[in-house]
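Enquirer:
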Amino acid sequence: MTPEERDDGLRARAYEAAISRMGGFLARAACIRPLAARRAEFDEVLAALSMQRKNLQGSLVVTMLGGTGVGKSTLINALAGSEIAKTSPIRPCTTESTFYSHRENDLGPIAPVISDRDRIVVNDSPGLRGKIILDPPDFDSMVVSNRRRLLELLRVSDMAICVVDREKYRNLSLFRLLRRFREGRKFLFVINKSDFGVSREVRDDLAEALAGEGFRNPEIFELSALNAFKARTEGAAGLDSGSFGALERVVLEEMDRAAIGRIKNSNLTALVSNVYASVKAALPDGIEKGLGEMPEEARRVSRAAAAGIAAEISASLFEKDDRIRRFLLSAPSLAIGGIFGVYLAAAEKVSSLFSARLSARRALDPAELKAEVRSALTGVDASRVGLLAARARSDVLSRLEAVGVDSSCFAAGSSWLDGAFPASIVSEASELVIGRMGRFIEESASGFLRSVGYNIVPAAYVAYFAVAVVLRIGRGDMPDVSFFLGFLVLLGAICFLQHVLAERGFRRRGGRFMAALSDSVGALVLSRIEPAVVPAITEFASGLLRDIREFRDTPRLLD
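Take 2 as the starting number for the sequence shown in the working numbering and just add one per residue.
1. In angstroms with no decimal places, state the Cα-to-Cα distance between Asn193 and Glu249.
2. Go ahead and label Thr379 buried or exposed: buried means 16 or more other beta carbons lie within 10 angstroms of its beta carbon, across all protein chains shown.
3. Around the C-beta of Glu313, are 16 or more other C-beta atoms found within 10 angstroms, so that it is buried, or is it exposed?
4. At 4 residues or longer, what runs of the alpha helix (DSSP H) sit wholly inside the segment 169 to 249?
5. Does the distance from the CB of Leu224 to the CB of Ser200 come in under 7 Å?
6. Do you know how far the Cα of Arg547 is from the Cα of Ser21?
7. Please classify Val535: is it buried, with 16 or more other beta-carbons within 10 angstroms of its beta-carbon, or exposed?
8. Would DSSP call Cys643 helix, strand or coil?
9. Got a sec? Which residues, its chain only, sit under 7 Å from Glu153 by beta carbon, not counting five neighbours each side?
10. Should Pro138 go down as buried or exposed, given a rule of 16 or more other Cβ atoms within 10 Å for buried?
11. Which value, in whole angstroms, describes the spacing of the CA atoms of Phe514 and Phe507?
12. DSSP on Asp286, reduced to helix/strand/coil?
13. Using only CA atoms, which one of Asp478, Val468, Asn456 and Met160 lies nearest to Leu498?
14. For Gly63, which residues does DSSP report across the bridge?
15. Spell out the partners DSSP gives Asn124 in its beta bridges.
16. For Ser404, which of helix, strand or coil comes out of DSSP?
17. Is the Cβ-Cβ distance between Val302 and Ala393 less than 7 Å?
18. Ile549 to Arg39, Cα distance in whole Å?
19. On the CB-based measure, 16 or more other CB atoms within 10 Å of its CB, does Glu298 come out buried or exposed?
20. Ile115 by DSSP, collapsed to three states: which one?
21. Mind checking which residues open and close the alpha helix (DSSP H) that includes Val490?
22. So what does DSSP say about Ile442, is it helix, strand or coil?
23. Give the DSSP-derived three-state secondary structure of Ile314 in the structure shown.
24. Leaving out five residues on either side along the sequence, give the residues of the same chain with a beta carbon under 6 Å from the beta carbon of Lys187.
25. In three-state DSSP terms, what is Ile337?
26. Kindly confirm or deny that the segment 118 to 125 and the segment 61 to 74 touch, where touching means at least three C-beta pairs closer than 8 Å.
27. Is the beta carbon of Ile264 closer than 7 Å to that of Val397?
28. Mind checking which residues open and close the alpha helix (DSSP H) that includes Gln58?
29. Along the alpha helix (DSSP H) that carries Ile77, what are the first and last residues, could you check?
30. Smallest Cα separation from Thr99: which of Ala79, Ser126, Leu66 and Gly82?
31. Looking at chain B, is there any beta carbon in it that lies within less than 7 Å of the beta carbon of Arg104?
32. Below 8 Å on the Cβ atoms is my guess for Ala79 versus Leu545; work out the distance and round it to an integer in Å.
33. Give me the Cβ distance between Gln53 and Leu269, rounded to the nearest whole Å; I'm assuming they're in contact under 8 Å.
34. Give the straight-line distance between the Cα atoms of Glu97 and Leu135, rounded to the nearest whole angstrom.
35. Quick one, which of Ala346, Arg476 and Met438 has its alpha-carbon nearest Gly511's?
36. Just curious, the alpha helix (DSSP H) that Ala31 is in, first and last residue?
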């Protein structure tokens with residue numbers, strides 16, 4: 002294998018890898034809306050690139066462009082040196098294309114673009130060896146499909162020759178169409194029928210029109226294809242064919258095999274780079290940053306939803322029916338025994354006569370406690386919980402849409418935060434609350450040191466009273482009823498004052514427990530929402546981000 006053949010093989014593999022990578026990316030990134038909108042266009046371009054890559058060592062493909070009657074067929078005959086193309090002042094309105102090829106050329110690489118309606122004209126013209134000339138239907142005919150056909154042929158062309166005359170030279174619609182293909186192809190512009198005279202204004206006007214469509218310093222040839230054909234086939238002397246010789250040297254004489262290879266490689270490199278740039282430009286601004294932030298955004302949404310759902314559950318427990326809240330605020334008093342405990346029990350009995358307050362003593366029954374909690378949680382608005390879960394789902398999907406991704410690609414087939422979620426989370430929260438409240442009550446009922454502390458003052462007063470009674474009896478002074486009533490009143494006053502102070506401590510401890518319980522419910526809800534949302538969106542966003550970054554690395558394949 003020669004060094005040239007080895008280099009050609011390396012370039013061919015690099016082109017194939019780049020085209021394959023872009024095609025794979027477009028297939029995997031079908032959920033990116035701007036890419037999906039142009040998917041058909043990109044697929045057609047990549048298919049054409051694939052054909053050109055296969056024809057990298059094949060014939061130079063030249064497309065002849067022009068309106069009706071400008072002399073395309075005559076120019077083809079002049080270049081071939083024989084009448085291989087039929088000429089007529091009025092071209093038929095047909096969708097057929099004609100492929101002019103030397104019989105030694107291989108049409109296999111471009112076979113996919115040749116349809117059953119097309120004609121293949123094989124010839125022995127030495128000048129066409131290694132070149133295939135495509136003659137599409139006239140661009141300005143009334144057949145709409147001719148335009149689509151022209152686009153197909155241009156995509157597989159290495160060179161295009163645009164033929165005009167002094168009357169039909171400012172074909173802006175054609176130039177505007179060619180603008181899409183100006184990168185990666187060699188364009189030559191021919192003003193035919195120069196034997197009738199071509200003014201400088203016509204040439205300058207044509208150059209200005211081409212410049213307006215992005216063709217800077219276009220190669221323009223003024224010639225007479227008819228005179229050139231007669232000179233070559235009839236030996237007619239003295240006919241002015243203009244710059245036909247210069248065009249012929251560019252198309253035929255200077256395009257040897259090495260030059261064709263250089264042109265095709267240069268064209269294909271530019272085409273692959275142009276397609277890459279087009280796909281890259283179609284990516285939404287900030288999509289990589291947005292996808293990179295999706296996991297944290299999903300966590301934020303999960304936390305917000307969990308807080309909302311936990312608030313709904315806590316409200317049902319402690320606000321809609323405040324019996325449990327009031328019970329928990331007084332539950333720390335369960336540990337208080339002795340004199341002060343008797344006072345508290347009596348005060349609770351008296352209070353229960355005038356309110357529906359949940360009795361701490363009664364709630365010690367685990368079965369009744371469960372019933373109270375479940376009864377309270379029946380007030381949880383399942384539709385509200387479902388709405389909050391749905392909002393979390395909607396927020397995640399909206400974030401995807403905001404960066405240009407079709408959210409249905411992520412949501413399709415997913416069961417995260419589905420309709421069964423509200424009932425299951427309320428059930429789990431119920432069991433959590435029952436367990437935590439049971440432990441809290443047990444802890445509250447076992448506070449011996451607190452009981453001793455709260456009974457010091459009442460017990461001291463009782464001891465003082467007992468000593469006073471003994472001393473009075475010792476002096477022979479029997480206490481009367483008023484003495485004992487005074488004792489009871491003062492003892493009640495002491496307990497009452499202590500109760501006022503103790504109630505603040507009870508409520509503070511109960512309030513801390515309720516806050517901790519609400520936090521635990523929130524953590525429970527978050528532990529169910531976050532695993533349902535974050536890993537799924539992280540995997541989806543990371544995969545898409547990985548595909549984009551791999552696609553952005555495509556140019557390195559051509560280095």
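Where is the CB? At the ideal position from N, CA and C, for every residue including glycine.
The structure displayed is predicted, hence computed values, not measured ones.
Expert: Looking at the atomic coordinates:
1. Note on geometry: alpha-carbon atoms of Asn193 and Glu249 lie some 14 Å from one another.
2. Exposed is the call here.
3. Around the beta-carbon of Glu313, 16 or more other beta-carbon atoms lie within 10 Å, marking it buried.
4. 173 to 180, 201 to 213, 226 to 234 and 245 to 249
5. no
6. 16 Å
7. buried
8. As displayed, the chain neither begins before 2 nor continues past 560, which places residue 643 out of reach and without an answer.
9. Val114
10. Classification for Pro138: buried.
11. 11 Å
12. coil
13. Asn456
14. A small correction: the amino acid at residue 63 is Val; Gly does not occupy that position in the sequence shown. Note: Val63 sits in a beta bridge opposite Ile134 and Met160.
15. His103
16. The amino acid at residue 404 is misidentified as Ser; the sequence shows Val. Residue state, collapsed to three classes: coil.
17. yes
18. As the crow flies, the alpha-carbon of Ile549 is around 17 Å from that of Arg39.
19. Burial call: buried.
20. Three-state result, Ile115: coil.
21. Val482 to Arg553
22. helix
23. helix
24. Met160
25. coil
26. no
27. no
28. Counting along the chain, Gln58 falls outside any alpha helix (DSSP H), and DSSP gives it neither H nor E.
29. Membership of Ile77 in the alpha helix (DSSP H) is indicated by the continuous run Lys73 to Ala81.
30. Leu66
31. Looking at the structure shown, chain B is missing, and only one protein chain is on hand.
32. Between Leu545 and Ala79 the Cβ distance is about 55 Å, and since that is not below 8 Å, they are no contact.
33. 6 Å
34. 11 Å
35. Ranking Ala346, Arg476 and Met438 by Cα distance to Gly511 puts Met438 first.
36. Here Ala31 belongs to no alpha helix (DSSP H), and DSSP marks it neither H nor E.
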